[in-house]
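Going by the numbering used here, the first residue of the sequence shown is number 5, and it counts up by one from there. We put the CB at the ideal spot given by N, CA and C, even for glycine. In this text, all values refer to a predicted model and were calculated from it rather than measured experimentally. Below: the structure, in structure tokens.
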Amino acid sequence: MNSMVKTSEAVRDEEPQEGCSEREMSHRKDGFFSIISSIPGGIWAISFFGLFLGMSTTMVYSQLSLFLKNDLGLTVSQIANMDGLVECVAYITRVFSGPISDFFRERKLILCVGCAFTLVARSFLPFVYGFTGVFGVQLSERVGNGLQASPRDALIADITPRSIRGRVYGLTKSIKTAGGLLGGVMAIALMGYYFNDFRKVFMFAVVPVALAGICLLFVKDSNRKNAKNGEKIEKRENPFKRKYLRSLDFSFWKLIMLAFIFQLGHFTEHLFPIYMNNFVDTRVAGSVGLIVNAGQIMLAFTIGFLADKFGKGRFIRFCMAMMIVSNLLFLMAGYICNVIDFSLDLSKFFGNGFVVNSQACCVYLGAFLWGGQMSAIEGLFIAIICEQVVFHLRATAIGIYSVIFGIGYWISSRIGSFIWEAEGFGCEYTFIYSLACCALALVFSFVLLPRKYNFAVISKGR
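See below:
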């Protein structure tokens with residue numbers, strides 16, 4: 005038994021292969037340039053890979069719900085159910101890509117396959133005209149996303165020192181979302197230029213995926229070494245040996261349970277433009293996705309950096325509180341005009357008819373907080389999971405987390421859309437449901453989240 009514990013500890017203590025050592029970083033000041041220089045070089049290639057994928061994804065998804073509703077005539081329930089199902093499939097795909105990545109230690113190859121799936125799916129989207137076609141294309145695209153997600157997140161942990169993983173996951177998410185923000189702006193501009201032709205926007209969305217594939221040329225799989233003897237770890241060592249599986253203990257499953265409870269309150273963001281459309285023009289409603297992205301860009305790295313310094317557990321709870329406030333702002337949007345009523349004509353910046361009122365600003369603020377917590381809390385959960393399990397099972401553990409996260413997302417989207425359209429209820433009750441789930445998760449976090457994560461990580465290894 006003691007030998008197993010020692011083996012596990014040795015595995016956890018391997019040294020980073022890129023960047024500086026943990027001990028060196030502990031003596032650095034937290035200046036901007038020292039923070040940036042402490043980030044391993046491979047992270048930047050992965051980040052720009054995510055940037056171009058995010059650009060393409062937002063060009064499509066910022067307009068997709070309106071395209072499905074206005075052009076194809078789908079109901080809100082059909083849109084939410086389809087989105088929840090394809091997202092669930094994407095998360096389930098991560099379970100299979102994770103163990104394969106752990107066994108073969110070929111994370112880059114799986115990233116390339118996932119990118120190829122996305123490229124093919126994006127190329128077909130402008131030419132589909134029915135529910136079946138859209139569903140097939142979106143399913144293929146999300147399978148591609150699922151294939152590359154677990155290996156990517158595990159590779160980030162492979163090459164990043166333990167004490168800065170919070171900020172690194174935040175950085176990669178922020179850069180990816182910056183691409184999403186650029187993609188959203190491009191989508192709005194293209195919609196104006198092509199007179200609200202959704203299919204033209206979808207055609208342009210193919211180009212960034214090709215650029216993402218080029219970025220993978222600069223990504224390298226990490227060469228792992230044991231910190232005690234410096235020997236290279238076998239690439240194809242079986243990750244499912246009992247000594248490694250022991251790291252998937254009760255503490256790990258408590259984290260998974262907490263993530264699931266929280267995710268039950270996270271319904272699809274595709275409902276935001278539809279809700280926004282109650283207060284403003286259709287083109288303005290599509291811009292709410294940009295605000296979600298802005299929240300991710302501005303808050304993900306900041307929250308991750310603070311979590312590294314003051315404890316990831318504390319900032320997981322902070323993100324849950326942000327989600328509660330976000331839902332409150334959505335609920336206030338329908339009544340804010342009784343207190344503050346104004347309108348801003350931004351036509352000279354974004355084209356004729358782009359007018360934002362007080363209700364829209366309330367939705368914007370809620371979407372900003374929603375996006376910020378959404379990107380930060382996922383990175384914090386993954387960072388904690390990578391600390392909880394041995395590196396042989398990182399992608400597998402991330403895949404397990406992802407599928408539970410995806411199932412929760414699908415359940416939440418179905419419940420949210422049902423409440424949205426149910427007679428006697430409506431969109432406000434969907435936000436109340438989300439708020440209740442987030443409040444429940446916040447309470448359970450004090451039971452399910454180990455207290456050690458309330459403090460910063462100070463260690464010699466990873």
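Take the alpha-carbon of Phe395 and the one of Gly184: they are about 30 Å apart. Across the structure, Asp349 and Met261 are spaced so that their CA atoms are roughly 46 Å apart.
A Cβ-Cβ distance of about 5 Å is found for the pair Ala399 and Ser154, placing them in contact under the 8 Å criterion. A residue is called buried once 16 or more other Cβ atoms fall within 10 Å of its Cβ, and Lys352, having fewer, is exposed. Using a Cβ-Cβ distance cut-off of 8 Å, the segment 117-136 and the segment 368-382 are not in contact, since fewer than three pairs of beta carbons, one from each stretch, lie closer than that value. Bounds of the alpha helix (DSSP H) holding Val90 are Val80 to Phe108. Separation of Arg126 and Ala209 (C-alpha to C-alpha, rounded to the nearest whole angstrom) is 7 Å.
Sequence-distant Cβ neighbours of Ala84 in its own chain, meaning closer than 8 Å and more than five residues away, are Phe271, Thr272, His274, Leu275, Ser417, Arg418, Gly420, Ser421 and Trp424. The beta-bridge partner set that DSSP reports for Asn361 consists of Ser347. Apart from the 5 residues on each side of it in sequence, Thr97 sits with its Cβ closer than 7 Å to the Cβ of Val147, Gly150 and Leu151 in its chain, given in chain order.
In the DSSP annotation of this structure, Thr164 is not part of any alpha helix (DSSP H), being labelled neither H nor E. Judged by DSSP in its simplified three-state form, Tyr133 adopts coil rather than helix or strand. The DSSP-derived three-state label of Tyr413 is helix.
CA-to-CA, the gap between Glu432 and Leu335 works out to about 6 Å. Its Cα nearest to that of Met326, the residue Gly299 stands out among Thr79, Gly299 and Ser347. Judged by DSSP in its simplified three-state form, Arg250 adopts coil rather than helix or strand. One alpha carbon belongs to Ile411, the other to Glu91, and they sit about 9 Å apart.
Collapsing the DSSP output to three states places His396 in a helix. Between the C-alpha atoms of Ile179 and Trp48 there is a straight-line separation of about 9 Å. Of the other Cβ atoms in all chains shown, 16 or more fall within 10 Å of the Cβ of Pro44; this residue is therefore buried. With contact defined as three or more Cβ pairs closer than 8 Å, the segment 297-315 and the segment 157-165 are not in contact. Assignment of Ser291 by DSSP, reduced to helix, strand and coil, places it in the coil class.
Counting C-beta atoms within 10 angstroms of its own C-beta, Lys456 has fewer than 16 neighbours from the protein chains shown and is therefore classed as exposed. Each residue's CA atom was taken as its position, placing Val172 and Glu427 some 45 Å apart. Ile436 is positioned such that its CB atom lies closer than 9 Å to that of Asn331.
Take the alpha-carbon of Ala311 and the one of Phe385: they are about 11 Å apart. DSSP places Val210 inside the alpha helix (DSSP H), whose first and last residues are Val210 to Cys219.
A residue is called buried once 16 or more other Cβ atoms fall within 10 Å of its Cβ, and Tyr65 is buried on that count. Following the DSSP letters along the chain, one finds Asn331 inside the alpha helix (DSSP H) bounded by residues Lys316 to Met336.
A distance below 9 Å separates the beta carbons of Gln363 and Ile340. When DSSP states are grouped into helix, strand and coil, Pro277 belongs to the helix group. In the structure shown, Glu427 adopts coil according to DSSP, grouped into three states.
Residue Leu259 holds the alpha-carbon nearest to the alpha-carbon of Ser449 among Arg111, Leu259, Asn74 and Met207. Sequence-distant partners of Val329 (beyond 5 residues in either direction) whose C-beta falls short of 7 Å from its own C-beta, in its chain, are Leu373.
In chain order, Leu220 place their CB closer than 6 Å to the CB of Cys116, counting only its own chain and leaving out the 5 sequence neighbours on each side.
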